[in-house]
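Student: Attaching a single structure in structure tokens format; questions to follow.
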Amino acid sequence: MEIGLRLAVSLAQIAAVMGVVMLTVMVLTLAERKVLGWMQDRMGPMEVGPYGVLQPIADGLKLFFKEDIIPAGANKFMFTLAPILALVPAMIGFAVIPFGPSMTIELFGMQIKPFVISDINIGILYILAFASIGAYGIILGGWSSNSKYSLLGGLRSAAQVISYELNVGLAIVGVILLSGSLSLVKITEAQAGGFWNWFVIAMPFPQIFAFVVYVISSVAETNRVPFDLPEAESELVAGFFTEYSGMRFAFFFIAEYANMILVSCVAAALFLGGWNAPYPGTILGHLGLDALAWIENVVWFAAKVYFFLFLFFWLRATLPRLRYDQLMRFGWKVMLPIALGNIVLTAIAAYFFPR
Amino acid sequence: MQPLLERLMTTFPDAVRGVEVDTARNEITARVAAARIVDVARWLHDTPEASFDHITDICSVDYPNDPERFEVVYQLLSLAHRRRIRLKARVTEEAPQIASVTGIWKGAEFMEREVYDLMGITFVGHPDLRRILLPDDYEEGHPLRKDFPAEGRGWRSSFPFIPRLDEAPEEQTEGEVPEQEKQAYLVAEHQGGTRRREELLLNMGPQHPSTHGVLRVVLELDGERIVKATPDLGYLHRGVEKLAEGLHYMQVIPHTDRLDYVCAMTNNYAYVRAVEKLLDITVPERAEYVRTIVAEMQRIIGHLFWLGTQALDIGAMTVFFWTFREREVLLDMFEKLCGARLTLNYYRIGGVDSDFTPDLVVRLKAFLQTFPEKVNEYNQLLMSNRIWVGRTKDIAVISAEDAINFGLTGPTLRGSGVDYDVRKYEPYGVYDKVEWEVPVGKRGDTYDRYWVRMEEMRQSARIIAQCLDQMPEGPIMADVPHVIPPPKAKVMRDMESLIHHFIIFTQGFKPPKGETYCGTEAPKGELGFFIVSDGSPRPYRLKIRAPSFIHMGAFDHMARGYLISDIITIFGTYDIVMGECDR
Numbered sequence: 001m002e003i004g005l006r007l008a009v010s011l012a013q014i015a016a017v018m019g020v021v022m023l024t025v026m027v028l029t030l031a032e033r034k035v036l037g038w039m040q041d042r043m044g045p046m047e048v049g050p051y052g053v054l055q056p057i058a059d060g061l062k063l064f065f066k067e068d069i070i071p072a073g074a075n076k077f078m079f080t081l082a083p084i085l086a087l088v089p090a091m092i093g094f095a096v097i098p099f100g101p102s103m104t105i106e107l108f109g110m111q112i113k114p115f116v117i118s119d120i121n122i123g124i125l126y127i128l129a130f131a132s133i134g135a136y137g138i139i140l141g142g143w144s145s146n147s148k149y150s151l152l153g154g155l156r157s158a159a160q161v162i163s164y165e166l167n168v169g170l171a172i173v174g175v176i177l178l179s180g181s182l183s184l185v186k187i188t189e190a191q192a193g194g195f196w197n198w199f200v201i202a203m204p205f206p207q208i209f210a211f212v213v214y215v216i217s218s219v220a221e222t223n224r225v226p227f228d229l230p231e232a233e234s235e236l237v238a239g240f241f242t243e244y245s246g247m248r249f250a251f252f253f254i255a256e257y258a259n260m261i262l263v264s265c266v267a268a269a270l271f272l273g274g275w276n277a278p279y280p281g282t283i284l285g286h287l288g289l290d291a292l293a294w295i296e297n298v299v300w301f302a303a304k305v306y307f308f309l310f311l312f313f314w315l316r317a318t319l320p321r322l323r324y325d326q327l328m329r330f331g332w333k334v335m336l337p338i339a340l341g342n343i344v345l346t347a348i349a350a351y352f353f354p355r
Numbered sequence: 001m002q003p004l005l006e007r008l009m010t011t012f013p014d015a016v017r018g019v020e021v022d023t024a025r026n027e028i029t030a031r032v033a034a035a036r037i038v039d040v041a042r043w044l045h046d047t048p049e050a051s052f053d054h055i056t057d058i059c060s061v062d063y064p065n066d067p068e069r070f071e072v073v074y075q076l077l078s079l080a081h082r083r084r085i086r087l088k089a090r091v092t093e094e095a096p097q098i099a100s101v102t103g104i105w106k107g108a109e110f111m112e113r114e115v116y117d118l119m120g121i122t123f124v125g126h127p128d129l130r131r132i133l134l135p136d137d138y139e140e141g142h143p144l145r146k147d148f149p150a151e152g153r154g155w156r157s158s159f160p161f162i163p164r165l166d167e168a169p170e171e172q173t174e175g176e177v178p179e180q181e182k183q184a185y186l187v188a189e190h191q192g193g194t195r196r197r198e199e200l201l202l203n204m205g206p207q208h209p210s211t212h213g214v215l216r217v218v219l220e221l222d223g224e225r226i227v228k229a230t231p232d233l234g235y236l237h238r239g240v241e242k243l244a245e246g247l248h249y250m251q252v253i254p255h256t257d258r259l260d261y262v263c264a265m266t267n268n269y270a271y272v273r274a275v276e277k278l279l280d281i282t283v284p285e286r287a288e289y290v291r292t293i294v295a296e297m298q299r300i301i302g303h304l305f306w307l308g309t310q311a312l313d314i315g316a317m318t319v320f321f322w323t324f325r326e327r328e329v330l331l332d333m334f335e336k337l338c339g340a341r342l343t344l345n346y347y348r349i350g351g352v353d354s355d356f357t358p359d360l361v362v363r364l365k366a367f368l369q370t371f372p373e374k375v376n377e378y379n380q381l382l383m384s385n386r387i388w389v390g391r392t393k394d395i396a397v398i399s400a401e402d403a404i405n406f407g408l409t410g411p412t413l414r415g416s417g418v419d420y421d422v423r424k425y426e427p428y429g430v431y432d433k434v435e436w437e438v439p440v441g442k443r444g445d446t447y448d449r450y451w452v453r454m455e456e457m458r459q460s461a462r463i464i465a466q467c468l469d470q471m472p473e474g475p476i477m478a479d480v481p482h483v484i485p486p487p488k489a490k491v492m493r494d495m496e497s498l499i500h501h502f503i504i505f506t507q508g509f510k511p512p513k514g515e516t517y518c519g520t521e522a523p524k525g526e527l528g529f530f531i532v533s534d535g536s537p538r539p540y541r542l543k544i545r546a547p548s549f550i551h552m553g554a555f556d557h558m559a560r561g562y563l564i565s566d567i568i569t570i571f572g573t574y575d576i577v578m579g580e581c582d583r
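What follows is the structure, given as structure tokens:
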């Protein structure tokens with residue numbers, strides 16, 4: 001009985017998180033086009049609904065009704081598997097993200113944490129592990145399409161993901177050293193009490209370099225401009241998903257945006273204090289409305305995430321694409337040494353000035 | 001010039017059959033025996049007094065009634081001495097072959113392939129003599145021969161290769177391309193021989209987001225590195241040169257709009273200039289100013305288009321929208337001027353179609369005031385961007401010697417440091433009455449060509465501003481009644497004018513017998529028209545020297561050793577337009 005209830009509550013939580021993520025993806029597709037339009041002196045989508053706000057729905061319907069084509073000579077099983085392999089890891093990562101304060105509430109005699117689906121103690125490793133699986137989706141998609149453009153896109157992606165995931169992992173190590181935990185909940189809690197406690201600037205050793213490395217690497221990991229080589233439109237048509245159509249294409253598309261949200265969430269949680277407000281406590285808490293303080297926390301978390309998402313759009317409007325060799329050189333010769341140096345310095349600082 | 005010709009005659013007494021100097025048009029033609037063409041060409045290229053280092057064009061003319069039926073025409077240019085010469089050699093119908101000059105000018109490769117394709121003259125010693133504009137399996141002959149019918153060949157069903165709508169489509173069987181067909185796109189042999197050969201043939205285009213139309217390139221890849229790049233042209237071949245042979249001189253103007261459809265005005269200009277040179281017409285001064293202003297507006301439009309697309313190809317999206325914002329302003333002015341925005345058909349033989357209104361002058365001046373600022377804005381977005389610099393510096397480098405040898409012109413040549421600009425070398429319009437400079441690059445890489453074009457936009461703005469200040473009042477059409485119809489207003493009221501109008505528009509005008517080549521500086525390079533007139537109202541032969549086509553000849557040379565991503569940069573840096581390339 002209790003297991004059944006627990007399962008029901010977890011499923012409800014998962015449904016809520018998935019719903020929010022999918023909704024955010026929808027908003028993002030529109031927001032990206034509107035933000036780009038604004039930066040490029042144009043209107044963006046204007047036809048569907050007032051100011052084009054219904055455009056994501058129209059896009060979704062279109063993709064849903066498109067013919068699903070499997071090219072001749074493609075490996076059907078792999079071809080079908082790849083979009084799923086890309087989408088599922090992107091979604092699954094949200095299980096350990098704390099969206100709000102870590103409080104527990106009593107429900108049917110059970111202790112439930114409403115703002116995190118599962119507070120496992122290796123949260124960050126879990127995310128990294130699943131992010132790597134997402135790369136398989138891209139590589140398999142590229143390989144199984146039986147197209148040279150897809151293959152080249154897949155190969156580029158393999159090289160890129162390996163190089164930049166390393167940097168993501170190393171950039172995070174500094175934060176882990178300071179907080180002493182791999183759980184995202186613990187890491188976020190360690191940054192409470194004002195913006196000077198956020199790891200990006202917190203003493204004894206500010207993680208500002210790690211933060212920059214993380215942000216750049218995560219842009220590369222999500223295949224966004226200026227690191228969008230796997231799908232470089234002007235070179236490889238659409239890269240690894242050249243041969244995909246209809247819902248399978250939509251899967252890759254959603255996976256990309258979900259990944260953007262995921263890395264933004266992780267960045268917010270690791271470096272910018274997660275759901276903590278930039279001042280001690282919460283305003284609602286100080287006013288004596290402790291029961292509603294979580295609203296303020298959730299809003300702060302969302303604001304940080306949207307700041308990162310805006311950054312993604314901004315980069316896209318500003319920067320040209322890197323070339324393959326430049327990308328690799330940048331990853332291995334610039335980012336990696338910075339990340340490694342940061343670990344060494346952080347370790348020394350953490351040893352002499354324990355928090 | 002005279003001493004050089006005498007030396008040529010004495011050096012090759014048996015090879016040079018005659019020299020004609022056309023003083024009125026300032027053109028020199030040497031008739032050469034076909035068997036000795038390479039010797040003469042090499043002498044003209046190597047001798048310091050001659051140094052005809054730049055091959056402008058190779059074309060062919062068909063005279064079915066002559067004993068030696070085909071004439072191969074070489075247009076040469078000496079950059080050092082700023083003069084041109086035309087070599088002509090005749091071959092017979094039974095043995096239509098002549099030695100190839102690809103050993104002297106590498107740029108001759110594509111030009112000779114075109115002659116082979118369209119006229120059926122074989123070039124002995126050519127490294128890769130295949131059809132270039134028409135498909136490889138085209139079996140109906142060589143279209144530019146006079147016995148090839150100019151009319152349509154019937155309706156859809158008479159073309160066996162077009163799928164019929166009432167028949168089931170042929171089932172596509174999957175499978176690899178036969179090894180034999182791949183051979184044309186592979187490097188002949190790899191050096192060393194010990195290296196394991198694992199090439200990947202990548203077909204790029206004609207359906208590809210960034211091939212600027214319907215260009216097809218087959219790349220031999222080693223990883224992502226290019227071993228050989230073979231352009232495959234002709235997907236947009238319309239046979240404009242053949243079409244022109246059936247049209248009156250003034251009916252050709254709208255066809256030139258469709259050559260380089262991004263810069264229709266300069267095409268018009270190049271064509272009407274060639275016809276005027278043939279007819280020996282002087283254009284009124286105001287018309288010259290209007291023509292120059294419009295041509296420079298078109299140059300700005302062309303360069304804005306180039307900048308937007310090149311940046312978009314490299315991934316900088318925003319520049320594209322910003323450049324189109326300014327382009328729109330200029331297109332609106334074109335619309336005001338002649339009613340059209342893209343295919344403008346504005347220039348007329350002997351003048352222009354309509355005059356600048358005072359309102360338009362004000363608008364253009366207002367545009368010029370803000371334009372340099374806008375150019376700086378694009379520059380800020382790109383020049384200071386390390387990724388942009390990294391993507392363009394040292395990419396697709398071509399040395400000045402190679403660039404000349406390939407016959408490149410325009411910004412593509414000037415990026416390598418050669419200051420060849422037709423507007424300075426052979427001034428036309430009012431370019432000699434205004435102050436401006438020719439920007440040249442140093443290293444011949446994509447970045448330098450980018451810089452040259454950016455600077456050219458500023459110079460164009462400078463030219464327009466000066467022209468607007470200097471522009472005199474007066475007529476905009478020359479007064480040459482046997483060529484130019486009377487103004488439309490008169491035609492409606494006056495019987496003589498109506499008859500005059502009727503005669504010119506039904507019968508055309510008859511230029512004197514002769515031939516002329518006239519090059520004009522288009523935004524992409526030297527756009528030349530070579531017209532052979534037999535005294536009839538239609539051109540006997542009209543050859544278009546399209547810069548895009550000739551630039552594609554250097555594509556393999558510039559692409560080898562770079563990465564796939566750089567191919568896109570090279571497309572961009574050529575600023576190719578397939579309408580002009582394939583004609």
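So the protein lines, in turn, are chains A and B.
Numbering-wise (the UniProt record's numbering), the first sequence opens with residue 1 and increments by one.
Numbering-wise (the UniProt record's numbering), the second sequence opens with residue 1 and increments by one.
No residue lacks a Cβ here, since even glycine has one placed at the ideal position from N, Cα and C.
For residue 424 of chain A, go through chain B and note every residue whose CB falls closer than 8 Å to its CB, in chain order.
Tutor: The structure shown does not extend to residue 424 of chain A, since chain A is modelled only from 1 to 355, so the question has no answer here.
Student: What are the boundary residues of the beta strand (DSSP E) that lysine 374 of chain B is part of?
Tutor: Locating residue 374 of chain B in the second sequence gives position 374, where the first residue counts as 1. Here lysine 374 of chain B belongs to no beta strand (DSSP E); instead the alpha helix (DSSP H) covers 358 to 382.
Student: In this structure, does DSSP put leucine 272 of chain A in helix, strand or coil?
Tutor: To locate residue 272 of chain A, count along the first sequence from 1; it is residue 272. Leucine 272 of chain A falls in the coil class under three-state DSSP.
Student: The alpha helix (DSSP H) that contains cysteine 338 of chain B, what's its start and end?
Tutor: By 1-based counting over the second sequence, the position of residue 338 of chain B is 338. Taken as a continuous stretch (DSSP letters only), the alpha helix (DSSP H) holding cysteine 338 of chain B covers 317 to 338.
Student: Could you tell me whether the Cβ of valine 215 of chain A comes closer than 8 Å to any Cβ of chain B?
Tutor: As a position in the first sequence, residue 215 of chain A is number 215, starting the count at 1. So no, valine 215 of chain A is outside the interface.
Student: Please confirm if leucine 30 of chain A has its CB atom under 8 Å from at least one CB of chain B.
Tutor: Stepping through the first sequence from its first residue, residue 30 of chain A is reached at position 30. Judged by the 8 Å Cβ criterion, leucine 30 of chain A is not in contact with chain B.
Student: Would you mind sorting glycine 223 of chain B into buried or exposed? The rule is 16 or more other CB atoms within 10 Å of its CB.
Tutor: Numbered from its first residue, the second sequence carries residue 223 of chain B at position 223. Flag for glycine 223 of chain B reads exposed.
Student: Could you have a look at histidine 54 of chain B and say whether DSSP puts it in helix, strand or coil?
Tutor: Locating residue 54 of chain B in the second sequence gives position 54, where the first residue counts as 1. It is a strand residue.
Student: Taking only beta-carbon positions, decide if residue 363 of chain A is within less than 8 Å of chain B.
Tutor: Chain A is shown from 1 up to 355; residue 363 of chain A falls before or after that span and cannot be answered.
Student: Just grab the DSSP bridge partners of aspartate 22 of chain B for me.
Tutor: The sequence position of residue 22 of chain B within the second sequence is 22, counting from 1. For aspartate 22 of chain B, which the question treats as bridged, DSSP gives the partners B:Glu27.
Student: Can you find a C-beta in chain B that's less than 8 Å from the C-beta of leucine 319 of chain A?
Tutor: Residue 319 of chain A sits at position 319 when you count from the first residue of the first sequence. For leucine 319 of chain A, the answer is yes, since a Cβ of chain B falls inside 8 Å of its Cβ.
Student: Is the beta carbon of leucine 304 of chain B sitting closer than 8 Å to the one on lysine 336 of chain B?
Tutor: Looking up residue 304 of chain B in the second sequence gives position 304. Looking up residue 336 of chain B in the second sequence gives position 336. Cβ distance not < 8 Å, so leucine 304 of chain B and lysine 336 of chain B don't count as in contact.
Student: Just reading off the beta strand (DSSP E) that isoleucine 138 of chain A is part of, what are its end residues?
Tutor: Counted from its first residue, the first sequence places residue 138 of chain A at position 138. Where isoleucine 138 of chain A is concerned, there is no enclosing beta strand (DSSP E), although the alpha helix (DSSP H) it sits in stretches over 123 to 144.
Student: Check whether the region 485 to 495 of chain B and the region 360 to 378 of chain B are in contact - that is, three or more C-beta pairs closer than 8 Å.
Tutor: Short answer: they don't touch.
Student: Does the distance between the C-beta of glycine 19 of chain A and the nearest non-hydrogen atom of the ligand MN fall short of 7 Å?
Tutor: Absence of the ligand MN from the depicted structure is noted, as is the absence of any ligand whatsoever, leaving it without description.
Student: Counting pairs of Cβ atoms below 8 Å between the region 339 to 353 of chain B and the region 258 to 278 of chain B, do you hit three or more?
Tutor: In short, these stretches touch, since the Cβ pair count reaches three.
Student: Which full runs of the alpha helix (DSSP H) of 4+ residues lie inside the region 9 to 91 of chain A, going along the chain?
Tutor: Counting whole runs of 4 or more residues, the region 9 to 91 of chain A contains the alpha helix (DSSP H) stretches 55 to 65.
Student: Would you call the CB atoms of methionine 247 of chain A and leucine 63 of chain A closer than 8 Å?
Tutor: In the first sequence, residue 247 of chain A corresponds to position 247, counting from 1. In the first sequence, residue 63 of chain A corresponds to position 63, counting from 1. It is a contact, given that the beta carbons lie within the stated cut-off.
Student: Under 8 Å between the Cβ atoms of histidine 557 of chain B and threonine 412 of chain B?
Tutor: Position 557 of the second sequence, counted from the start, is the residue given in the question as residue 557 of chain B. Position 412 of the second sequence, counted from the start, is the residue given in the question as residue 412 of chain B. For histidine 557 of chain B and threonine 412 of chain B, no; Cβs fall outside 8 Å.
Student: Let me confirm a value: valine 334 of chain A is counted as buried when at least 16 other C-beta atoms fall within 10 Å, else exposed. Which label applies?
Tutor: Translated into the one-based positions of the first sequence, residue 334 of chain A becomes position 334. Result: exposed.
Student: Give me the residue from B:Val38, B:Tyr425, B:Val438, B:Arg90 with the minimum Cα distance to arginine 31 of chain B.
Tutor: Residue numbering aside, residue 31 of chain B sits at position 31 when the second sequence is read from its first letter. Nearest of B:Val38, B:Tyr425, B:Val438, B:Arg90 to arginine 31 of chain B, Cα basis: B:Arg90.
Student: Give me the residue from B:Val397, B:Phe321, B:Ile576 with the minimum Cα distance to histidine 212 of chain B.
Tutor: As a first step, residue 212 of chain B must be located in the second sequence, where it is residue number 212. Ranking the options by Cα distance to histidine 212 of chain B, first place goes to B:Ile576.
Student: Methionine 454 of chain B touches chain A at which residues, Cβ-Cβ below 8 Å?
Tutor: Mapped onto the second sequence, residue 454 of chain B falls at position 454. Within 8 Å Cβ-Cβ: nothing; methionine 454 of chain B doesn't reach chain A, min ~16 Å.
Student: Is the beta carbon of threonine 256 of chain B less than 8 Å from the beta carbon of tyrosine 431 of chain B?
Tutor: As a working mapping, residue 256 of chain B is identified with position 256 in the second sequence. As a working mapping, residue 431 of chain B is identified with position 431 in the second sequence. No. Outside cutoff.
Student: Quick check on alanine 33 of chain B: does DSSP put it in helix, strand or coil?
Tutor: Along the second sequence, one-based indexing puts residue 33 of chain B at 33. Reduced to three states, the DSSP call for alanine 33 of chain B is coil.
Student: Check whether the Cβ atoms of asparagine 146 of chain A and proline 71 of chain A sit closer than 8 Å, and answer yes or no.
Tutor: Taking the first sequence and counting its residues from 1, the one referred to as residue 146 of chain A is at position 146. Taking the first sequence and counting its residues from 1, the one referred to as residue 71 of chain A is at position 71. Yes, the pair counts as a contact, with Cβ atoms nearer than the cut-off.
Student: What residue does the alpha helix (DSSP H) around phenylalanine 310 of chain A start on, and which one ends it?
Tutor: Taking the first sequence and counting its residues from 1, the one referred to as residue 310 of chain A is at position 310. Unbroken alpha helix (DSSP H) run through phenylalanine 310 of chain A: 293 to 318.
Student: In the structure shown, what three-state DSSP assignment does glycine 519 of chain B receive?
Tutor: By 1-based counting over the second sequence, the position of residue 519 of chain B is 519. Residue state, collapsed to three classes: strand.
Student: Quick check on arginine 42 of chain B: buried or exposed, where buried means 16 or more other Cβ atoms within 10 Å of its Cβ?
Tutor: Here residue 42 of chain B is taken as the residue at index 42 of the second sequence, counted from 1. So arginine 42 of chain B ends up on the exposed side.
Student: Taking C-beta to C-beta, are alanine 238 of chain A and phenylalanine 227 of chain A nearer than 8 Å?
Tutor: As a first step, residue 238 of chain A is located in the first sequence; it is residue number 238 there, counting from the start. As a first step, residue 227 of chain A is located in the first sequence; it is residue number 227 there, counting from the start. Contact: no.
Student: Could you give the first and the last residue of the continuous alpha helix (DSSP H) run that contains arginine 509 of chain B?
Tutor: As a first step, residue 509 of chain B is located in the second sequence; it is residue number 509 there, counting from the start. Residue identity differs from the one stated: residue 509 of chain B is phenylalanine in this sequence, not arginine. Element bounds for phenylalanine 509 of chain B: n/a, residue is neither H nor E.
Student: Let's test the definition: count the other Cβ atoms within 10 Å of the Cβ of glutamine 507 of chain B and tell me whether it reaches 16, buried, or not, exposed.
Tutor: Along the second sequence, read from residue 1 onward, the residue named residue 507 of chain B stands at position 507. Looking at its Cβ environment, which holds fewer than 16 other Cβ atoms inside 10 Å, glutamine 507 of chain B is exposed.
Student: Restricting to Cα atoms, I'd like to know which of A:Glu296, A:Val305, A:Leu309 is closest to alanine 269 of chain A.
Tutor: As a first step, residue 269 of chain A is located in the first sequence; it is residue number 269 there, counting from the start. Comparing Cα-Cα distances from alanine 269 of chain A to each of A:Glu296, A:Val305, A:Leu309, the minimum goes to A:Val305.
Student: Tell me where the beta strand (DSSP E) around glycine 350 of chain B begins and ends.
Tutor: Here residue 350 of chain B is taken as the residue at index 350 of the second sequence, counted from 1. Premise fails: glycine 350 of chain B is in no beta strand (DSSP E) and is neither H nor E.
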